[in-house]
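Chains as they are written, first to last, in this note's numbering: chain V, 1 to 406; chain R, 407 to 812; chain G, 813 to 1218; chain S, 1219 to 1624. C-beta atoms are modelled at their ideal positions from N, C-alpha and C, and glycine is treated no differently. Worksheet: one structure, shown below.
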C-alpha cells in the first residue's frame, strides 16, 4: 500500500477499497469466538473494531450526505460509538466483550453494506466535494484500528494458558546479534517540528512550530531483547532507585519482573508469546511491549534517558537513517516512548463538530510515542505522527530508543 | 425424562445418553459467540459448562477406569476444572470468557469423544461396578449445570442493550390473576428431614435427622409479580426498616429499585427480560430472580417471614399440594429462599477423595433454597434437595414463599 | 461487679454509676490521641464509644422523659448515632477517626452532664417507671461497648510498628501446659434453649424454645496456643482441603499464615501482641483472636467440628464445669465460635420503635459466638447470650471449643 | 521573614530558628487530636509533618556530622521517613494517622532536642562547612511542609460535619468585585527559564535553559470566585465537551458539581469552608482549591487555555506586575496550574545520595504549578519555583490564570 498522506483525492476510492479489504484480511485467521472476546477494559474485541470503523463512515459521511439515508441498524449508533459524546449514548467500554449479538457475520454484512453505499456515493464525488476529507480521516482512523486490532488480539490470545497462535507464519530470525549501537550527535538549536505540506495529518500534528533544542545524542538503534534481558538479570526490576516513584509502586503492586509477553524458561533463557504462538526470544530483535515506566527505568540503568518528541522528529527529519536496516529501526519496528507528555502544540485548534473529539480531549497523563511498529499498516505513519498511551501501557508494540545530553 | 433418583442402574446408559443429549439441545439456539462470553465472575460461558461437565466424566471415570486411558487434550484438565484443588491447577474463574480456544466445535468433539468412550465402558458394567455411582453423580452434576447454563445465558443476553432472545418460543400467559393465597397450618413437633431411601441424593442431604418445629403456617403459593410490584410501588426499596442492614447497604451501593430483569415502562407498567426477549411482565406469575435480601425485605413488608428449610421440607412431605397447579408452586416454578443458612446436617460426612470437595466446602455465608424452577431439568429435584446461593444472588430463578408463626 | 441481669430495679442507680465509672476507667491509660484514632472501618475510636454510649441515654431516655430537655449539643445526635435509621442521619462509620472535634475533654464533659441528668431523673423513678428497662438496656449496651473499646484499642495499638502497651500490667503466665482435654458426652434429645426467667436478656435470646439434639461430645477446654501452633507447623495454613472454599480464598488474598497478633520469632517460637505490648506467646493459654474460617479449619484438622449454639448452651446449662478453672474455659476466657449462623429464634419479635433496630437487622452472614472473654465486663454474659460476628472477624477475643458426633 | 534564597550562610542559624519556630506557631491552635488524624492517603497528620521535618535534620545532618551521634529514638528513622528508599524501611503512608504514639508531646520534645543539637553544631560551622547546604535544603523542605500542614489540616477539618475553624481570625473581605481582567501581550521568541544566580533553588529548577515561545497573552489577574460561580451556573460541570476525557470520567465517578470546599446555600449563593470555618464565599477573591481538570475545563469554557510554565516564568520575569495588588495575583494568592507536565529540564542531573530522591523520581503524570499561595511561607517561592501535583489534586491552594495565543 502506498502512503495515504500523499494521495490525490481522485485515487481515494481505490484506497478506500484497499484499506477496507486489509481490515478484512486481518480477521481472516480468526474465529467468530476470537473476534468477540475482550481481554481487558483497555482492549476491544476485533468484532467491535470491525463495527466501529464502519460506524465512522456511516455516521460521519453517509448519515450526512447520502440521499435517503437509513441506518443499517439503528442500535449500532450506540453499540459502535467509541467516545463521541456529541453523537449521544455509548455502550460501556468494559462490556464490549458481552456483545455476542450482532454476530460476526452480521457485522461483516454491515461492512459490506456500508462499503457498497460509500462506493456509490464516492463515484459522484471529486476532490472538491466537501466531505471527501472525512473519508480520508475515516481511512486513517481505520488504519489506527488495524494496529489496535492486532495489539488487542495478541493480548487476548496471551490470556489463554495454551498461548494459541494468531498465524502459522513465523517471522524469520534476525542476525545472531544486533549491531553495536552508536551515539549519533545533533547540535540542536532553533528547529521546527509538526506537520508540513498538503498531505493528510491528524490535527494533533499541527501547527508546525519552532522549538529550541540543546545539543543531544540519540542511539542509532532500538534497545534489543538481549540488552533488556541483561537489565533484568542485573536486578533492574528489584532496584527502586532506577524507577520513577509511581512506576515503582505500579511494578510492586503487580509484582512485575519481566515484560508482559516474556516467560522464563527452565534453562534460564526466555520464551516469548508472539502472534505465531510461543517462541524462543529472539535476542537480536528490538525489545517490544514495554511500558513507559519500564522504558524509563531501563534508560536510567543504561546511563541515558528517553528522547523528547522534538529531538526524535528533528533527528529523523535530518535524514539520519542511511540504510534500510537503520530506517526500520526508526519507522516500522517499535513505537518509541518519548519523555514528552501528550500536549497541544502552540496554537493547536480543535476541529468543529463531533470529529473535534478525535484527539484533543486525550491530552493529559499520556506520553507521546514516535515512529511506528511491525503492526502499523504500511504508509500510515509519518515523521510528524504522534501516538500516545498512558505510562502503564504494556500491550502496545512499544520499545526504547535511548538519548543523552552532550 | 423420568426421575433419575429412582432409576435402577441398568438403565443408566440410557439416562446417560438422554442427559448428555439434553445439554446439547440447550445450546442448539446459541452461536459460538454466545457460548464463549462470560457476563460476570459468578457466571460461566456455555462452552465452559459443556466442557466442564465432560471433564467430570473424563477425570473421575475414564482416567481411573478406562484401559489405556489418554486424555482428549491434556490442557483440558486445567481449563475445565472448576474448583477441585485435589485435581490440581485451575484456570481462574473470572477469565473463563477469554478462552476463545478451544473453539465450540472442538468442545463438541470433546463431548462426542468422551460420550463414545463412556458408552463403551458402561457397556461392560452393571449395578455392582464400583464406579457406577460416579456416573450417576456426573449426570446429576450435569443437570445442575444445565440450569446454570440457562441462568448464565439469560444474564449474558440481558447485558446486551438490544435484549436479544434465546428462543422464539414465548411462554403462554397465565390466568389474569393468581388465586388468592391461603395460609396452610402445620402443627410441627418432632419431625424428620433429609434424604431417605435408596435413590440418588447429594451428600449434603444426609443424614436424615430429627428436627423439632414449632407450629407454623406457609402460604399456599409463591409471591406473584403483581404482589411484588405493589411492594415496589409502596416504597419497599426506599424503606430501610424493611431490610437487613447488610441488604440495605448492598441495595444502596448499587442503587437498586427493582428486580434485575425488570424495566419500568413509560406507561407506568413493567417490562421483563425473558429467554424470549423483552416481554410485558406477566402479573399472575410468580416473581423470579430475587435475591435473599429482596425476598427477606418483601416478607417483612408483608408481615411474614421466610420459612426454614425444615418447615419447607416437612410441609412438602406432608402431601400439601393437592392439585397440579399447587404442586407446580412447590416444585418447578421458582427456587424458594429459606432463612436457613447452608450448614452440614448433624453427622454429615464428606466423601473421600476429590469428589468430597463437591458440597461441604461451600457451607458458609450461603442460604438454602428449596423446590426447583422452570429452568431445572425434569426429574432432577427432590423433596430433600438443597440448593444454595449467597444472599446477593439475583440471576437465579429464585422466588418467595411466605411463612409465619401461629 | 455483680450480675446485672439479676438486679432489682431499685439498685439500678448504683449500677448505672458503676458501669459508667468502669467505662471511664477503661480509657484512663489512654491519651486523647489514642482515643481519637480508628484503625479500620470495623473498629471505632474510643472517644466515639464514649460518646455513643452516652448518646444512647440522652436519645432514648432524656430526650423522651426529661422535663425541659435540651440536647447537650445538637450535632451529637448525628455524630454519635451508630446505625439507628429511625433516629435520622448518621456520620459515616469509616470516618469516625476524623472527628478530632469534639475533643476528648468535651466528650468527657458530655458524659458528666448526661450522668448528672440521668441521676436526677432516676432519683424519682422506681421499678414501675416505664422507661426503667431502657436504662437497663443502655447499661447492657454500654457493657458491650466496653469490650469493643478494648478490642478496638488493641487493634489500633497493634497497627503501630512499635507495638505499644495499653497497660503496664502483665497477665501472669499459666501453668506450663494446659491439662489434657477430655471429650464430655451429651446424649441430646429434645432440649430447650433461650432466655428464661425475669432477668435482663437481649431480644435475640428469646423466645425460649425446644431444639432436638443428636448425641454429641464437647471438649472439656478451649484449644490452646500450643495446639494452634502445631496446626500452623504442620501446614494448616497451606492445605486448602482443611478450609471452607470462601475461607481459603480469604486467607490467600491476604496471604495469612498465622493469627493476627502473632509474630514469628527468630528462634522459631512465637511472640504475641497483647494489651501489655509484645510478649512471648503463652503456650498454655487458650488461642485467641481467631476468625471463624481459622477456627473451622483448625477443627477439621483436629478431626472435629465446631459446636452448634444449641449444643453449647445445653452443655453449659447441664452444669458441666465442675471447677473454677473449667468454668473459666466456658465463660470468661474466649468467645467460642459456633457453626450456627445468627438467625432469629422461632417466634422472635423485634421490639417497637428505634431500639427495635438493636439486633434483628444483623441476622445474616454472621456466626454466633458463645461464652465470653477476658475483655467482657464481669456479670455481662449469660448462658443464653448470643454474640455474633462475620466469619472474617479476627480482632475479637474469639477462640475454639471442639465438638464431635458420637 | 525574609527571602531565604538571598541569605548569606552566616545568617543561617537565625533562619533556622525562625523557620523552626514558625512550624511550631502553625500547630499552636491545634489539639493533640487534631495533629494526629489523617484525612486521606494524600494528606499527612500535622504530627507527622512535625516529626518528618525534624527527621530530615537528624538523618541528613546530625547522623552524619554530629560527634557521638545517637538517635533520639531509633524507631523514628522508619516512622518519619517519607519516601527515601535509600534510608531504608518506611511506615506505610496511608497509616500515618494510626500513630497515636509517639504523642504530640514527645514529638515536640524530639523537635526541641534536634533543634538544640543543630544549634550546637551550627555554632561551629561557617559558609565553607560542606554540610551547610543541607541545612538550607532542610529549611526549604520544612517550609514546603508548612504549606502542606495547612492544606492537610484544612482538608481534615472539612471532613468534620461541624466544619470547625482552625483559627478565629477571619480574612478581611476584598473589594466588592475584582477589577476587570486585561490581556497582557508577550511577543515571545527565544527566551530563558530556570534558576539563575547563587541563591538557593531546588534541583528541578536547573539548569537554566533556552525555550522558544510563540507570541501569547496572559490575563492580568486570577479567575475570581464570581467568574467560577458563573461557569457552574452556566452548566460547566454538565458539559462533557469542556472537559478532558479523563477529567470528565473523574468528575462523573465522584459526581462533582462544584469546588471541594464550596457548599450551595438555600438562597442560591455559596458558602465556603475556610481555615476560619464556614464563611459566605467572597466573590471578589481568586477561586481556590481547583484541580487541573477543573481549571482546564474552565479555561476552555472561557475561550482560553492554561499557560505553559515557560510562558508564566517569562511573563513574570518581564516585570509584569506593576502594583502590589497585581503582584499578589502572581505570587502569594494561588498556585497557578500550567499545562506543562512535570519533566526534567534539558540537562537535569539528580543529586548524589539519598537527597537525590528529592524531586526527579516524581516526574511523571503530574502538572507544574507556578506562583505561590496564601499558605506559602513568606520568602519561600521564587520566579523559577516549580510546584507539582496530579491533575486530580483539589486540596491545594491552587487557582487559574488564563492564557491564549495571539
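Taking a contact to mean a Cβ-Cβ separation below 9 Å, would you say residue 287 of chain V touches residue 259 of chain V in this structure?
Contact: yes.
Please tell me whether, using a cut-off of 8 Å, the distance from the CB of residue 943 of chain G to the nearest non-hydrogen atom of the ligand MN is below it.
Absent from the structure shown: the ligand MN. Ligands present: none.
On the criterion of 16 or more Cβ atoms from any shown chain inside 10 Å, does residue 609 of chain R qualify as buried, or is it exposed?
buried
Which residue comes first and which comes last in the alpha helix (DSSP H) that contains residue 1243 of chain S?
1230–1245
Using three-state DSSP, classify residue 1013 of chain G as helix, strand or coil.
Correct three-state label for residue 1013 of chain G: coil.
So residue 686 of chain R is in the beta strand (DSSP E); what residue range does that whole segment cover?
683–686
Please report how far the alpha carbon of residue 1205 of chain G lies from the alpha carbon of residue 1104 of chain G, in whole angstroms.
7 Å
For residue 62 of chain V and residue 34 of chain V, I'd like the C-alpha separation in whole angstroms.
30 Å
Straight-line CA distance for residue 1127 of chain G to residue 1026 of chain G?
13 Å
In terms of residues, what are the limits of the beta strand (DSSP E) holding residue 218 of chain V?
216–219
Cα-Cα separation between residue 751 of chain R and residue 679 of chain R, rounded to whole angstroms:
Across the structure, residue 751 of chain R and residue 679 of chain R are spaced so that their CA atoms are roughly 38 Å apart.
Using the Cβ count rule (16 or more neighbours within 10 Å means buried), how would you classify residue 1081 of chain G?
Residue 1081 of chain G is classed as exposed because its beta carbon has fewer than 16 other beta carbons within 10 Å across all chains shown.
Of all the options S/1558, S/1322 and S/1485, which has the alpha carbon lying nearest to the alpha carbon of residue 363 of chain V?
S/1558
Between which two residues does the alpha helix (DSSP H) harbouring residue 1265 of chain S extend?
1264–1275
Whose CA, out of R/784, R/810 and R/775, lies closest to the CA of residue 795 of chain R?
With respect to the C-alpha of residue 795 of chain R, the residue from R/784, R/810 and R/775 having the closest C-alpha is R/775.
State yes or no: is the beta carbon of residue 1206 of chain G nearer than 9 Å to at least one beta carbon in chain S?
no
Identify which residue in G/1144, G/1034, G/975 and G/1089 has its Cα closest to the Cα of residue 1111 of chain G.
G/1034
Could you tell me which chain V residues have their CB closer than 7 Å to the CB of residue 1463 of chain S, listed as they occur along the chain?
Contacts between residue 1463 of chain S and chain V, judged by CB atoms closer than 7 Å, involve 83, 361 and 362 in chain order.
Of all the options R/622, R/688, R/805 and R/642, which has the alpha carbon lying nearest to the alpha carbon of residue 1159 of chain G?
It is R/622 whose Cα lies nearest to the Cα of residue 1159 of chain G.
Counting only beta-carbon separations shorter than 9 Å, does residue 907 of chain G have a partner in chain S?
yes
For residue 371 of chain V, the nearest candidate out of V/349, V/333 and V/359 (CA to CA):
V/333
Three CB pairs or more closer than 8 Å across the segment 1287–1300 of chain S and the segment 1239–1252 of chain S
no
Beta strand (DSSP E) runs contained entirely in the segment 1284–1340 of chain S, provided each spans 3 or more residues:
none
If distances are taken between C-alpha atoms only, which option among R/488, R/575 and R/811 comes closest to residue 761 of chain R?
R/488
Check whether chain V comes within 9 Å of residue 1575 of chain S, counting only Cβ atoms and requiring the distance to be less than that.
yes
Which residues does DSSP list as the beta-bridge partners of residue 794 of chain R?
In DSSP, residue 794 of chain R forms a bridge with R/774.
Below 8 Å on the Cβ atoms is my guess for residue 1265 of chain S versus residue 1322 of chain S; work out the distance and round it to an integer in Å.
5 Å
Hey, which unbroken runs of the alpha helix (DSSP H) at 4 residues or more fall wholly within the segment 1430–1479 of chain S?
1443–1451 and 1463–1472
At least one CB of chain V closer than 9 Å to the CB of residue 547 of chain R: is that the case?
no
Contact with chain S by residue 903 of chain G, beta-carbon distance below 9 Å:
yes
Whole angstroms is fine: what's the gap from residue 659 of chain R's alpha carbon to residue 855 of chain G's?
21 Å
Residue 1575 of chain S beta carbon less than 9 Å from that of residue 1342 of chain S
no
Since residue 1587 of chain S meets chain V, which of its residues come closer than 9 Å, beta carbon to beta carbon?
Within chain V, no C-beta atom comes nearer than 9 Å to that of residue 1587 of chain S; the closest sits roughly 15 Å away.
Can you pull out the residues from the segment 1374–1397 of chain S whose beta carbon lies closer than 7 Å to at least one beta carbon of chain G?
1374, 1377, 1378, 1379, 1380 and 1382
Under 7 Å Cβ-Cβ, which residues of chain V neighbour residue 1583 of chain S?
246, 365 and 391
Helix or strand or just coil, what does DSSP make of residue 1212 of chain G?
coil
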